[in-house]
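Protein chains in written order, with the UniProt record's numbering: chain A, 1 to 160; chain B, 1 to 1182. For every residue, glycine included, the Cβ atom is placed at its ideal position computed from N, Cα and C.
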Amino acid sequence: MTQNTMRLTVNGKAYDVDAAPDTALLYVLRNDLVLNGPKYGCGLGECGACAVLIDGVAARSCVIPIEGCAGRDIVTLEGLGTREHPDPVQQAFISEQAAQCGYCLNGMIITTKALLLRSPHPTEDEVLEALRHHLCRCGAHIEIMRAAMRAAGHVVEAQT
Amino acid sequence: MTGPDTTEHRERLQGSLSVVRPASPVEAVKFETFIKITADGSVTAYNGHVDLGTGIRTALGQIVAEELDVSFARVVVVLGDTALVPNQGATIASETIQITAVPLRKAAAQARQFLVARAAERLELPIEDFVIEDGLIRGKDNRSVSYGELIAGETIRLELADDVPVKAVSAYNIVGQSIPRVDLPAKATGELVYVHDVRVSGMLHGRVVRPPYAGVDAGDFIGNSLIAVDEASVRDIPGLVAVVRIGDFVGVVAEREENAIKAAAQLKVSWKPVPTLPDLKDIETALRANPSTPRTLINKGDVDAAIAAAAKPMPRTYIWPYQMHASIGPSCAVADYQDDHTRVWSGTQNPHHLRTDLARLIHRREAEIEVIRLEAAGCYGRNCADDVSADAVLLSRAVGRPVRVQLTREQEHAWEPKGTAQLMDVDGGLNADGSVAGYDFATRYPSNGAPTLALLLTGAVPHTPAIFEMGDRTAIPPYDYENLRVVANDMPPIARASWLRGVSALPNTFAHESWIDECASEAGVDPIEYRLRYLKDPRAIDLVNAVAERAGWKPRPVRPEREAEGDIVRGRGFAYALYVHSKFPGYGAAWSAWIADVAVNKATGDVSVTRVVAGQDSGLMINPDGVRHQIHGNVIQSTSRALMEEVSFDRTSVTAREWGAYPIIKFPEVPDIDVLMLPRQDQPPLGVGESASVPSAAAIANAIYDATGVRFRELPFTPERILRGLRGEELAAHQALPPPESRPDLSRWQNPFAGRRGVFATAAALCAAAIGIGAAVLPWRAIAPIARPDASVYSAATIARGQQLAALGDCAVCHTSVNGLLNAGGRPLQTPFGTIYATNITPDVETGIGAWSYPAFERAMREGIHRDGRHLYPAFPYPHFAKTTDADMQALYAYLMAQAPVRAETPQNVIAFPFNLRPLMAGWNALFHQPTVFQPDPAKSEIWNRGAYLVEGLGHCSACHSPRNALGAEKANAYLAGGFAEGWEAPALTSLSQAPIPWSEDELYAYLRTGESRFHGVAAGPMAPVVKELATIPDSDIRAMAVYLASFNEVSMDRAAQEALAARLESSTGTRASAASGVGARIYQGACAVCHEVGGAPLFGSRPSLALNSNLHSTAPDNLIQVILHGIAKPATTDLGYMPAFKDSLTDGQIAELATYLRRQFAPDKPAWTDVQAAISRIRQE
């Protein structure tokens, strides 16, 4: 333990991290904890690629230093589920083929999860609002919306 | 039976069947492999193209599985590793399925043919009798043999043949099925390794520092603009490994990524002045002035004569802006430089071409370099993926270890080779019967291939601009005009530019399809019917008719005047294109046609694309869902480009460096999309990666014309452009603001504890001042130093009480330097009179206050006199501390003496004459200081008096929140009327507050306790640490402070009234209903709204409401500018969350636009701030 050691709880496990307290959570998750889910997109909290859950609320890990995360419960995409046992939200995104390059996918899934945690049966407008500040450049919006609606328990009609 | 673990089994597994072709001499290997089947029956397919997120990995696997008659799951597709895959050129022009899959398919068929023939021999059965299922060949007699068994231990290599029969489409089982993409389960669970996720043992982190000519790559200044790199400027960065400089290439390498980021931000680099760019706000002028070489693509009939004779001349000009690829993930690469084998993990779209560039960069043979392609963020053309790969190689070579380089968002935005601006001139005309007399089309396309940046920056390739002949894509219109001439004016780049989805075809089609729509309108013919008169391609005609039918197109020979629903008018537009790409004359990808429905708000200029019917003839669709998703993606991305995308420049560089300044479409703006895919499974497969983008802009422009009767010939269709078009050139004036108000009278409240001074008192004070000057020659008597007192004489309770008082007094806030030890001093305080350094107040005997007796401490606190007799400056707020009771003073002393001593010399103050004459302070004290202990006001309540003691005493609130006079003393008659501290405004805390909702006791309490008031905002700047310090003060004292401060706000408003007013202010200033018109509004939507828009989805931290925020309603923009520039890195409590700093992402001009917009939007009853830009540059300097 050095002066900089900080304890973080990520995906249910405690980690002691040696990093300056002002280090953005994103870099610690990716480099120290070897988690690939959260992605660097803008460093300004604008695009949403870096989203994680902090105490069950969506958070942009590129703008939150680890000193703000002490004593909080952090969950990343990896903490939701695995290929073998995906979270229902992840499964909905896989079922709807809701990605092209998939770089934004982490944020889309995390935010949908956060929405469902606070509102288990959101309307379409609520889903749109939740995803508003998540950018997708490939134009997978239609599939992402279908996936989020499906995860929210709506019946999504097949496309013809 | 042979068990899987026996030697015999393992030997059998060594055999393989490959289909290959001879490799080029530059390769380290003799053969390029397309298909390899191993003895265990697994199939690997190799393709030189890469998956840019479009799903071709899955589609190629389907093609191979189909042709080989194996299950889809058996096939592994390897893409883009230069050591493994054939060199098939760059992944461009939607060619993978249409072109590069062809040899792969043949290779699979060839392998199958070989194996079937061998099976016939082995089983002695005729080929016609075989049934093949998942690589198992079965004869009619039910005997069978697998591919693996046929290969066994042999190494079989077949040279790829061109004349192998492939399977009939009618026999397809796998191709044509919507097989789910193989990559998505891993992507959805964080298990896929993107290039950003590559971790190599011993890997370091690099960042590059780019030159100031951001986004420009042609000119003699490229590669020789660097003057100096000051390595000392980053010496304090932990784990810094190297600063690398080669020509204009500058990079840093550190052990940890965050330290590489810090080093890149902190490194001082000086550059030569940057040459001026043409004014790219005026694309048309800039492109006309750019030198060009005409290249005639077609010249049919007698164009000049036909147009000269036309009854109705139709000359038109269409303008396309610079646009971005705008990949969501800035480019990243890892390189491991080794003398004989350098490996580069890259997100490139052209691994082999990149390898050639890298060989040139580091003077190595191509065979010594391996480019390993991993998935990256979608790129849609040439982004910075190659640049960053080369950067990583240079940094790895410099430090001798693997280095990962991640470009910043700002670098990707500024430097990515843009989709170029383009200018399309049409000369043409109609005959009297409405038919087209002639079409004379000229396009100007300034672009090169955007050479890999490190080559230019290091001087490895010359900076002379190359010219790429790429303006010719779909330059020939699809219509059979009798007199037709098309000229491509090839020209060098202005800004760095290369290909972006749809390349020049999208702009060219914008012109072709707008112009024919204009002609139809002139001729009084339905726009679709008019097109069909000139369209000869039967598949095109089928598609156009099918799309018209699907959308329920109603023929409209004359544009009907659209009935408005309120401010909204609706319209519908058509456009068609066959995307013809690749080197001229090129060839066609899929056919595409759009019918777009728009809603135009005539009051705001906002255009919404509500629905698109997108029809496509893709030939054989390998994976129909994959095709559908490509159509969706193209429709959404190109709608975004048409409506809102335009790169901004100043006169030296790209200024759009984040998503506010370069917005892309958001979920609520996405149109409904109805995809119509023509069943053409009997036709060869065509590229579908770009086609559906090509008709977009024209279809939307035609729909806007249908809605409004106004023709727009320049993109993007922003609200400002639409309003200008609807109202003529007259700019839609923003709602006028109220005139600037005169400076408010601050003398509303008198400090209740300031003594009144008459003429005599002032005269006496002036005398004292004179004595003070006199005293300069007679130094004050020092109080003798003592041995460091033993803190153990004080009780723990006293020390704890002292600690609270120290927190109330914010001792540590001023007496601790940034990243310094607590109370060890050294923090510079900027005052109007000079820089004063806070002293060391730890009990170190030599450098701190360890030698101070209590009387010396008390005298300093009450009279502002140092132990040695020098006067202290009132930046140290002793006029307030003097009010402290003896008991509290002793407790504070006890606490300070109980700290660990820290040896730290305090730097010399830098004070201008005459303020550097400390004895003058005696006069100052006589004028402004009353060294008396707090006396309660018997007329007031106990709690009020308690609050007054805390606020006026150690709390010293008015030291910042009251204005000061010319001599730096608080103005007693403008008590708490607002002041400035450390570049931040300390707003009025009285009824003079500019906040729209007056301060109340409860809100003051909430703010001081939690750092946030729902009706005012969060503590930031110098106030954040104040609230943080107050955390140890009991609720009752915070409440008392709130009671006292609230007494200077005579307007009382109960909670319900506050809530109602807040709701009214928030709803009247909400931005959801209005169009994002103007730069400021767009930056707000892209950068601020995510955390500040009322009603937005919850995010970690608070959501300060801008409509209520004191700073937006203040007479000074300073706090708003401060917080935009520097963010909130140290909030009062972590629950409040953090705000990023935008100083490196937004220009002064953009911040000025943003601040002006925020003021207008959220404080609409307040006058506009003046000189915002000057304030920004002043605050940046501070």
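How should residue i be labelled, buried or exposed, when 16 other C-beta atoms within 10 angstroms of its C-beta is the threshold for buried?
| i | result |
| --- | --- |
| H880 (chain B) | buried |
| L80 (chain A) | buried |
| R181 (chain B) | buried |
| G774 (chain B) | Residue placement at G774 (chain B) cannot be trusted, given a pLDDT of 43 that sits under 50; what the coordinates show is reported in the next sentence. Burial call: exposed. |
| V1051 (chain B) | exposed |
| R859 (chain B) | buried |
| A131 (chain B) | One detail in the question is off: residue 131 (chain B) reads as Val in this sequence, not Ala. When all chains shown are included, V131 (chain B) counts as exposed. |
| K113 (chain A) | buried |
| K127 (chain B) | Looking at the sequence itself, residue 127 (chain B) is Ile, so the reference to Lys does not match. Flag for I127 (chain B) reads exposed. |
| R364 (chain B) | buried |
Under 7 Å between beta-carbons, which chain C residues line up against residue i? List them in chain order, please.
| i | result |
| --- | --- |
| D197 (chain B) | In the displayed structure, chain C is absent; the protein chains listed are A and B. |
May I have the straight-line CA-CA distance separating residue i from residue j, to the nearest angstrom?
| i | j | result |
| --- | --- | --- |
| R1064 (chain B) | E96 (chain A) | 41 Å |
| E690 (chain B) | C384 (chain B) | 20 Å |
| R112 (chain B) | T38 (chain B) | 13 Å |
| S396 (chain B) | P273 (chain B) | 30 Å |
| P919 (chain B) | H1113 (chain B) | 41 Å |
| A701 (chain B) | P695 (chain B) | 10 Å |
| A186 (chain B) | M145 (chain A) | 20 Å |
| V63 (chain A) | A564 (chain B) | 45 Å |
| P1034 (chain B) | Y837 (chain B) | 31 Å |
| E549 (chain B) | P275 (chain B) | 55 Å |
| V1079 (chain B) | I1151 (chain B) | 10 Å |
| E982 (chain B) | V89 (chain A) | 48 Å |
| E846 (chain B) | G459 (chain B) | 57 Å |
Of all the CB atoms in chain A, is at least one closer than 8 Å to the CB of residue i?
| i | result |
| --- | --- |
| E982 (chain B) | no |
| Q411 (chain B) | no |
| L184 (chain B) | yes |
| H629 (chain B) | yes |
| H352 (chain B) | no |
| P180 (chain B) | yes |
| N634 (chain B) | yes |
| W852 (chain B) | no |
| T1032 (chain B) | no |
Leaving out five residues before and five after residue i in sequence, what residues of the same chain have Cβ atoms less than 6 Å from its Cβ?
| i | result |
| --- | --- |
| A92 (chain A) | A147, R150 and A151 |
| A969 (chain B) | F928 |
| G1086 (chain B) | W659, G660 and P663 |
| L992 (chain B) | R748 and A977 |
| N601 (chain B) | D567 and I568 |
| A1019 (chain B) | G1011, V1027 and A1132 |
| G135 (chain B) | G41, V70, S146 and Y147 |
Is the CB of residue i under 8 Å away from at least one CB in chain B?
| i | result |
| --- | --- |
| C50 (chain A) | no |
| E124 (chain A) | no |
| G12 (chain A) | no |
| Q90 (chain A) | yes |
| V75 (chain A) | no |
| A130 (chain A) | yes |
How about residue i: is its Cβ closer than 7 Å to a heavy atom in the ligand GDP?
| i | result |
| --- | --- |
| V145 (chain B) | You won't find the ligand GDP in this model; it holds no ligand whatsoever. |
Excluding the 5 residues preceding and the 5 following residue i in the sequence, name in chain order all residues of the same chain whose CB lies nearer than 8 Å to its CB.
| i | result |
| --- | --- |
| E46 (chain A) | H133 and L135 |
Q) For the stretch 673-688 of chain B against the stretch 602-621 of chain B, are there 3 or more C-beta pairs whose distance is under 8 Å? A) yes
Q.
Contact between the stretch 571-591 of chain B and the stretch 467-474 of chain B is defined here as three or more beta-carbon pairs at a separation below 8 Å; is this criterion met?
A. yes
Q.
Taking contact to mean 3 or more Cβ pairs, one atom from each stretch, closer than 8 Å, check whether the stretch 488-501 of chain B and the stretch 439-450 of chain B are in contact.
A. yes
Q | Any 3 or more C-beta pairs closer than 8 Å across the stretch 118-129 of chain A and the stretch 73-89 of chain A | A | no
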